[in-house]
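In what follows, a structure is listed as structure tokens, so that the remarks can point back to it.
Residue numbers (our numbering): 793 to 1087.
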């Protein structure tokens, strides 16, 4: 009697199938009523409008008049391509485009979950992978509703992909080909979120100094290959940005830098004025004490 059930013990459930449980939770953000859908960050609708307007005006613009580069480049390029494809198939409603863009972030989020589960299952345990994926899905309802449509999901996907490739492939097969692939992934991560460019220097420096593979010269060669590959993808964007806007990074970043500088200068003026007032008050008290002593 036990024989018919023996086969079931040999069946191993693919852990990736567990991610099917997350699909409804993620997709619901695409189909919620519009009065709830619109309650998301302003930056998300900024991206939506910039991408849609590219088809109408031939350049990135929010208001249809002034050009802008105040975007994370890779996400803006992807949304622009999706918007062009949407116009080609006959989509015209901004609401439909917005839902399409949010559906894209759903796919990226699921991709990140799949890679995370695979990485933790290989390096630690399946249980650790399930816990990590759960932490990445279930508590983030407010993140889905506010940030989906921005570059966050793309950044998570490229970052997790880079780390997984580094640990599961590059360290096991440190060849020129794998170094080129690592460089491409690092560049895509940096273009997803420009301040992630620091990851290139950090990760490659870590491998050069602490890599397990024998031969410092060999590690240096691979680091140079990966670094040059990343630079070949990132530098052209910086050059184009500088030629078109006068800034290497997005204009919004420059505006934020100016704002921070203005706040620091204002704080310095307040501190200086407060210090001067305290000095004057102390001088007045000293003068009063001296007058009393003379009397």
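The beta-carbon is built from N, C-alpha and C at its ideal position, and this holds for glycine as well.
DSSP, reduced to helix, strand and coil, places residue 860 outside both helices and strands of the structure shown, so it counts as coil.
Taking the Cα of residue 812 as reference, the smallest distance to any Cα among 859, 901 and 1040 is reached at 901. Boundaries for residue 1041: no alpha helix (DSSP H) harbours it, and the DSSP string shows neither H nor E there.
Note: residue 942 is bridge-paired with 940 in the DSSP secondary-structure output. Counting other Cβ atoms within 10 Å of its Cβ, residue 880 stays below 16 and is therefore classed as exposed. Taking all protein chains in view, the Cβ of residue 867 is crowded by 16 or more other Cβ atoms within 10 Å, so the residue is classified as buried.
Cβ contact annotation for residue 980 (same chain, cutoff 6 Å, sequence separation greater than five): 950, in chain order. Residue pairing by DSSP places residue 853 opposite 859 in a beta bridge.
Only residues of its own chain outside the window of five on either side were considered, and among them 878 have a CB closer than 8 Å to the CB of residue 888, listed in chain order. Annotated as proximal: residue 921 and residue 912, with beta-carbon spacing under 8 Å. The distance from the Cβ of residue 925 to that of residue 905 is about 5 Å, consistent with a contact at the 8 Å cut-off. Under the three-state reduction of DSSP, residue 907 is assigned to helix. Ranked by Cα distance from residue 895, the first of 847, 822 and 953 is 822. With a 10 Å radius around the Cβ and a threshold of 16 neighbouring Cβ atoms, residue 873 comes out exposed. The Cβ atoms of residue 957 and residue 968 do not sit closer than 8 Å to each other. Annotated as distal: residue 971 and residue 1012, with beta-carbon spacing of 8 Å or more. By the Cβ criterion, the region 855 to 862 is not in contact with the region 957 to 966, since fewer than three pairs of Cβ atoms, one from each stretch, lie closer than 8 Å. The continuous alpha helix (DSSP H) containing residue 1001 extends over residues 989 to 1002.
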